[in-house]
Amino acid sequence: MESINQFKKSLKRFFTKPKNTKNQQIVNGWYKSYEALEKYAFNDVNKNQVRENLLQGIRGQMIQSNPNRLWWLSTAAAIIIVGSFGLWFIQHQSQNKPLTYLSSETKTGMMKYLVLSDSTEVWLNASSKFKYPTAFSKASRTVYLPQGEAFFQVKRDVKRPFKVHVGELEVRVLGTSFNINNYADLKSQTIVVNTGKVQVSLKNKVLAVMEKGKQLSYNKSTGAFDVKEVNQALSFSWRDGNTVLQEASFETVAAVFKNLYGVELKSKIENIQQFSYTLTIQKQVSLADNLSLICKMHHINYRKEGDVILLY
Numbered sequence: 003m004e005s006i007n008q009f010k011k012s013l014k015r016f017f018t019k020p021k022n023t024k025n026q027q028i029v030n031g032w033y034k035s036y037e038a039l040e041k042y043a044f045n046d047v048n049k050n051q052v053r054e055n056l057l058q059g060i061r062g063q064m065i066q067s068n069p070n071r072l073w074w075l076s077t078a079a080a081i082i083i084v085g086s087f088g089l090w091f092i093q094h095q096s097q098n099k100p101l102t103y104l105s106s107e108t109k110t111g112m113m114k115y116l117v118l119s120d121s122t123e124v125w126l127n128a129s130s131k132f133k134y135p136t137a138f139s140k141a142s143r144t145v146y147l148p149q150g151e152a153f154f155q156v157k158r159d160v161k162r163p164f165k166v167h168v169g170e171l172e173v174r175v176l177g178t179s180f181n182i183n184n185y186a187d188l189k190s191q192t193i194v195v196n197t198g199k200v201q202v203s204l205k206n207k208v209l210a211v212m213e214k215g216k217q218l219s220y221n222k223s224t225g226a227f228d229v230k231e232v233n234q235a236l237s238f239s240w241r242d243g244n245t246v247l248q249e250a251s252f253e254t255v256a257a258v259f260k261n262l263y264g265v266e267l268k269s270k271i272e273n274i275q276q277f278s279y280t281l282t283i284q285k286q287v288s289l290a291d292n293l294s295l296i297c298k299m300h301h302i303n304y305r306k307e308g309d310v311i312l313l314y
């Protein structure tokens, strides 16, 4: 309170004796003591304008010969300065407030649809885990897919890139749609671009920037990767309940059956890993019918032992 009273007296002397260097220094010093806060309370565009308007308003009122106005004006100046600090404090606290994350999981044979706080749409395939904030920060939009498969339709925002952390990989986009497959039972992670551009990085090293119809496969054990052309629509056919496979490995087929039916495919056939499968596995079709289909393709049989399907 004592410092405010001192400021009032200096302000009065500043306008009645404008050539007094000491008064000038006191008033300027008071204002400069709050400049550190100004850069948070006001942006660079309007900061100087606010300061000038404040001083012009005080000068305008001082022209009128009413001594009682000085008390009101000096008090108002102090209130504005304190108010600026309050605004800065609220914004500063908001910027430093930690994000609150939500987790979403799907079980065997289950799919889920989510809409994130920025209107980005996410479809989760069976047996997936997804982590995302209740609200994104002002600088970026970051989510996590530690397990499973998801299709993203990202809301475009050039000021805030959308990032998906998939194991060691980071997928970065501004606004596009793409599919990520990150099942633990598969040796590789795959990213397929449906629209727009997608950047895939490993520990801040860009592996590829891909456009529509491109697929990146990353071997989780060796770190090797390759990019090739694919029919991108097949990568997210699972959203409609039909998993379309083209020359898929036994490992991939086994992963699909595990996610849809909760069973484990095994085989004693020596060259089973050399088999390839081109077929559509329909979710609404029974386990037995889909098993019969893959067995007919390679003239093999199967038997069920609990949750294990043995091919022979």
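In terms of the working numbering, the sequence shown opens at residue 3 and continues consecutively.
The C-beta atom is built at its ideal place from N, Cα and C for all residues, glycine as well.
Predicted model only: the values in this text are computed from it and were never measured.
Check                                                                                                                                                             : Outcome
So Tyr146 and Lys157 are supposed to be a Cβ contact under 8 Å. How far apart are they, rounded?                                                                  : Their Cβ separation, rounded to whole angstroms, is 18 Å, which puts Tyr146 and Lys157 out of contact at 8 Å.
Under three-state DSSP, which class holds Gln286?                                                                                                                 : coil
If we ignore side chains and look at the alpha-carbon of each, how far apart do Gln276 and Thr224 end up?                                                         : 20 Å
Secondary structure at Ala257, three-state DSSP: helix, strand or coil?                                                                                           : helix
Can you tell me where the beta strand (DSSP E) holding Leu313 begins and where it ends?                                                                           : Val310 to Leu313
Take Lys268 as the anchor and find which of Thr144, Val208, Asp187 and Lys131 has the nearest alpha-carbon.                                                       : Asp187
If I measure Cβ to Cβ from Leu295 and keep anything under 6 Å in the same chain, skipping five residues before and after, which residues do I get?                : none
Quick one: give me the first and last residue of the beta strand (DSSP E) that Gln155 is part of.                                                                 : Arg143 to Gln155
In the DSSP assignment, find the beta strand (DSSP E) that holds Gly217 and state where it starts and stops.                                                      : Reading off the sequence shown, one finds Gln at residue 217, where the question assumed Gly. Element bounds for Gln217: Lys216 to Asn221.
Could you give the distance in angstroms between the alpha-carbon of Gln155 and the alpha-carbon of Asp242?                                                       : 16 Å
How is Asn273 classed by DSSP in three states: helix, strand or coil?                                                                                             : coil
Can you find the residues in the same chain that come closer than 6 Å, C-beta to C-beta, to Ile311, ignoring five residues on each side of it along the sequence? : Val265, Leu267 and Tyr304
Just to confirm the assignment, what range does the beta strand (DSSP E) spanning Ala250 have?                                                                    : Asn244 to Ala250
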